[in-house]
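Numbering (this note's numbering), first residue to last: 232 to 346.
As structure tokens, this is what we get:
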């Protein structure tokens, strides 16, 4: 069991996502892997699932290297470069459900100082 955990930990976030989906698929073995990848891949099936796991790898590497807050600030800057107004950006930050209230406040403060 320890060996399995070490191997999954070496995969990082994508490994945890795959393990989570396999657990909730209701299957075991190859059927669990197939179902998990197909679920993750959506209309693109298993190959799409592999692509999503690769994308998660790159995203988690970026977060580990630069930090989530810096990446979020970079996204805010890019939103401004694409022509969104200060108000539009603030409203979008406030409506985003997956970030903490603390990070929302930091990003809103950043928007007000940056623009």
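Just so you know, even glycine gets a beta-carbon here, dropped at the ideal spot from N, CA and C.
Cβ neighbours of residue i in the same chain (closer than 8 Å, five flanking residues each side left out)
i, result
"residue 294", "302"
Residue interval of the alpha helix (DSSP H) (run including residue i)
i, result
"residue 258", "From DSSP, residue 258 is part of no alpha helix (DSSP H); its letter is neither H nor E."
"residue 285", "276 to 297"
"residue 341", "332 to 345"
"residue 317", "317 to 326"
Close-in-space but distant-in-sequence residues of the same chain around residue i (CB under 6 Å, 5 per side omitted)
i, result
"residue 346", "317"
"residue 268", "277 and 280"
Other residues of its chain near residue i: CB distance less than 7 Å, five sequence neighbours each side excluded
i, result
"residue 291", "243 and 244"
Short Cβ contact (8 Å threshold) for residue i with residue j
i, j, result
"residue 307", "residue 342", "yes"
"residue 324", "residue 315", "no"
Does the region 245 to 258 come close enough to the region 283 to 297 that 3 or more CB-CB pairs lie under 8 Å?
yes
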